Each structure stands twice: as structure tokens, then as C-alpha cells.
Ligand SMILES: [Zn+2]
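Here's what the structure looks like:
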């Protein structure tokens, strides 16, 4: 008999930044730790992570972070968490490999952290609580769902999954394991909501395969594909069809190349010898436009679009798109990138390229639809249902799906980030507790193909120094809670540093206060304002141009 609390630090009422917490008596289990991108196109500069102050304050009780799969909205915040607390991380081989890469990108040492590779045969023991896993299908290999088995039944975390039958082992659902979990009784199911409104979405990629095949068989020229780096199974499919058509393949996109390398090294992605080419920079002799070439342009969110535009404008060092090129877009826009996607089509058409646009309705969704969810309910038979992952309308939609599947209304718990669902001896009761949550904006060196920007920044850093500005605010109540706190690194000046940082703090305070007067805060323009005005001030005071990184944390109380 135990006391269980379930809440989200991120991932409810929003798309991304997934981070869920299950507390069983004194033990804390963290499920995923993801990032989210701001809802406007920012050309890969900023990202948002959950405010996890609660976990830092209770770090002695944390048993581990359990990762469901390697997408950024589920693992992107792990490096930030590990910077602040030493805790074990559990995930499948593929997920941990991607995480290792993220840590290295952050300049962190993999060996300093406790990363554990698990699979669905593993059962982890934490006192009288066992944690088990089952494999699910998603768009990236080795995705799992997680079950925390307590005396009162299991808490099952079922984020991104679907029940489409797959031929490839590494994408296959382990149904027998789901039954095993079910046989011990399930207290609560936290299942994803994002795909619940996908009605009539197809459950295969035949249309895509057919179209790509047709393009490859009719074209005698170079073909360029745009893809999202998270869609590893689609990238594999394009590679397979390209190889069948005697093509050589080049993959462009810094981040994707890394994921592809991990996938090749772990045997998840198969490219026959000699078929993968490394492109050299364009020069007099080398134009990278051989007729047998298939170029796969990959990245997250806006990146593939941005890269295609750059290629049309002759700004890319590897590919210049011209009127001989066939471009196949396998990048149906996600919320926030619609404008960028439409603009890219314009730029491509203007350049005279032949464009095939594979739209969302031609592609299988990698998320659970209503039928997948109903099937999971019927297999697991949970006592309570907590719809997670997605905007509130998606959570609400899942509630409707569950009711239509015969699930009792009063056993479906709709929550916001920070709300706490409490179970005592297996019975639910509403809790007045609220855990403080919020968005932490970080300068996302995690994201994007921004090599040049980063290099430029590093160069500046050596010469001019770095200024970190931290402010904690309560946007809803229009208050600064702490700061501005100014930390400088390598800023060498002749005057008193303290005097300068005081002035920077005053200037920042002024700007933040002016934004707090507004009804809605535009985070990006706030950060840009701080950056620009502080830079101006520092130039005047010190004749230096340091890099300025404002971190503004909004805490909801
Ligand atoms: Zn995912």
C-alpha cells in the first residue's frame, strides 16, 4: 500500500518539453526530459526546457531518469538536468547513443555520467518497486514504453507509439510484454494524446514509397530529398529505394549525419558499401551534381527548409539547386514551420526546380490514433487514465476517445503542468498540491546547422568574454522574483568590474520591468532587447563586445 503522486513538469497543454514525474512514497522516478522549440521560426537559436527546480530540491530522492526514445522532445533536456544533479539515466542502446552525442555537443564527458543501456528483458529494482519496459513502434528505432510496478499496480507511461505492424524487428511492438505488465494490474496509464485527432490517417507509407519510386525511375538527373532527421525509418526507406535504383547517396545536415552514423554503427541503418558518398565543397572541378546522386537534406523543424533555400540562393557550399534538379519534399510542416515550408516552395519554384511535395495525408503518422489507444486500453485495462503529451485539445480528445471505448468518465484525469494526481492505496483523490513549473529558455546550441555562427561566437568569446544574465520572473503576476544576476567570464576591463555589472543589472531590470507591464510577453523580443541594449551599454563602458546570454526563467506560482 503506497502513496503515489503523478505530475508533469512539461508535456501537458503543449507539444514538447515532455517531463513527467512519478513519486512512489519517497522515491522519485523521472520519465523523459525533453526540449521544445519556441512557436516562431528562429533559425535554430533558442530552445525551451522544463523548469526542474522541484527535482533539484529533492534530488536525494530521485531514482533515475527513464527515457522512452531518442527524439529531442523527450531527451533534449537531459544534459541540462545532468549538469545540475548526478542521477542515473536509463534508455535503450540507441537512445543512450544519441544522448551520449548530445552530452558531447554540450562539452560534457560521457564517462562522468551514469548512463545505463536497458532493453525489454530488463527488470530494475528500486526497493519494492520494479521498473520494466516494452518495445513499441515509432519513427525512430528502439522506442519503449515504461511501467513502474508498485504494490498498488503499475503506472504505465506510453508516450509516442503506434500499433502499425512492421516488418523491421527494431521497430516492432512486444505485445507479450504488454500482456505481462497488464497481468500484474495497472493503476494508471499515461498515454500520448497528440495523434488522437488523426482521423482517417493512413497506417502505411505506400503512397510515399510509390511516389519516390516513380520519381527515381523517371529521372535521369540528381534528386534532392528533404527529410526530418527524427524520421529515421523514412530516411532508411529513401535509401533503400535509391540503392535499388542504382543511385549513390549523400546525406547533408550536421546533426542528421551524426544520428545516421550512430544508426549505421549500431546496425540500424544499412547502406551498401560504396553507396554513401561524402560531398566535398563546390569548386571549379567539383560541382556535386552527378546524375546518379541522391542527396538527402535533413534536419529538425525549419532546418531542411532553410538548407533548401540556401541551396537555391547559391549560399550552400555543397549543393546548388538549378532547373535540372528534382526536389522531393518529405517534410510536411509541423506547427510553427508552415510559413517557412510555404516560402521554401516559392523559392524552389522560382529557381525552376521540379518539385514533388509529399503531404501529411500521404504519410503514416508515427503517433497513436484513436484505434491504437483503444487497443492499448483494452490490453492494459488501467484503473485510471491520464492523457499526456499534446495541447489541451489533444488531451481532451483522448478523453472523448476513452469514453467512447467505455472508460468511466470519472476515472479519466485531465491535468495541467504542475497539477498533482494523488493515489492512496490505489484510490485517486484530487490534490491541492501544485508543483511549480515553467519554461526555461536556453540558447540552443543543441539545435541546428549553425556551425558558422557557433565558430564566430567562439572566436569572439576568446577575445571579448562572456556575460551571463539570469532573471527569474513571475510573468502572470508581473513580478521579478530574483536577479538580474550577472556573471562574467573572460571579460577583461580596466574599470571596476563590479561597477560595470551593477550597471548591466540595472539596465536589464529596466527592460524586464517594461515587458512585465505588458499583457503578453514576447520572450524572443525580450531576450533580444536585453542582448542588444546590454551590448550597447558594454561597448560604451568597456569598448568590448562580449557574447551576452540572457536566461529568463518564468516561474508559475
Ligand atoms: Zn517521438
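In the numbering used here, the protein residues as written are 113 to 669. Beta carbons are placed, not taken as given, at the ideal position from N, Cα and C, and that holds for glycine. Keep in mind it's a predicted model, so treat the numbers as computed, not measured.
Where DSSP assigns a beta bridge to residue i, which residues make up the other side?
i	result
residue 531	546
residue 410	339
residue 663	582
residue 360	405
residue 247	256
residue 202	178 and 228
residue 122	131
residue 715	This structure cannot speak to residue 715, because the chain is shown only from 113 to 669.
residue 242	237 and 261
residue 420	DSSP output for residue 420 lists no bridge partner at all.
residue 608	Answer by DSSP bridge pairing: none, since residue 608 is not bridged.
residue 618	Per DSSP, none; premise fails for residue 618.
residue 388	361
residue 141	134 and 176
Thinking C-beta only, is residue j closer than 9 Å to residue i?
i	j	result
residue 622	residue 653	no
residue 257	residue 273	yes
residue 660	residue 647	yes
residue 136	residue 164	no
residue 613	residue 600	yes
residue 117	residue 516	no
residue 514	residue 497	yes
residue 391	residue 143	no
residue 581	residue 642	yes
residue 439	residue 466	yes
residue 168	residue 197	yes
residue 204	residue 229	yes
residue 261	residue 536	no
residue 414	residue 449	yes
residue 664	residue 638	yes
residue 339	residue 443	yes
residue 526	residue 540	no
residue 578	residue 658	yes
residue 361	residue 400	no
residue 381	residue 427	no
residue 495	residue 265	yes
residue 309	residue 506	yes
residue 259	residue 488	no
residue 598	residue 667	no
residue 656	residue 649	no
Let me make sure I understand the geometry here. Which of the options has the alpha-carbon closest to that of residue i?
i	options	result
residue 191	633, 218, 209 and 509	218
residue 330	468, 295 and 363	468
residue 446	127, 491, 208 and 347	127
residue 176	159, 125, 242 and 216	242
residue 387	545, 406 and 400	406
residue 452	419, 432 and 425	419
residue 520	507, 493 and 367	493
residue 149	655, 649, 594 and 551	551
residue 412	424, 370 and 602	370
residue 231	644, 285 and 212	285
residue 459	474, 475, 480 and 434	434
residue 288	314, 644 and 233	233
residue 479	300, 305, 140 and 524	305
residue 410	367, 490 and 486	367
residue 280	253, 530 and 318	253
residue 183	172, 129 and 376	129
residue 170	181, 423, 220 and 140	140
residue 178	133, 212, 210 and 214	133
residue 315	474, 327, 356 and 173	474
residue 694	645, 590 and 636	Past the edges of the chain, shown from 113 to 669, lies residue 694, and the structure says nothing about it.
What whole-angstrom Cβ distance do residue i and residue j have, given they're in contact under 8 Å?
i	j	result
residue 341	residue 307	That pair is no contact at about 20 Å.
residue 248	residue 255	5 Å
residue 161	residue 189	4 Å
residue 378	residue 206	6 Å
residue 345	residue 251	5 Å
residue 429	residue 394	6 Å
residue 187	residue 146	6 Å
residue 583	residue 602	Contact doesn't hold; Cβ gap of about 22 Å is too wide.
residue 298	residue 268	6 Å
Extract the residue ranges of the beta strand (DSSP E) inside the segment 483-530, only unbroken runs of 3 or more that lie entirely within it. 494-500
Run through the segment 265-336 for me and flag every whole alpha helix (DSSP H) of 4 or more residues, listed as ranges in chain order. 287-295 and 318-330
Ignoring anything shorter than 3 residues or poking outside the segment 422-467, list the beta strand (DSSP E) runs there in chain order. 438-441
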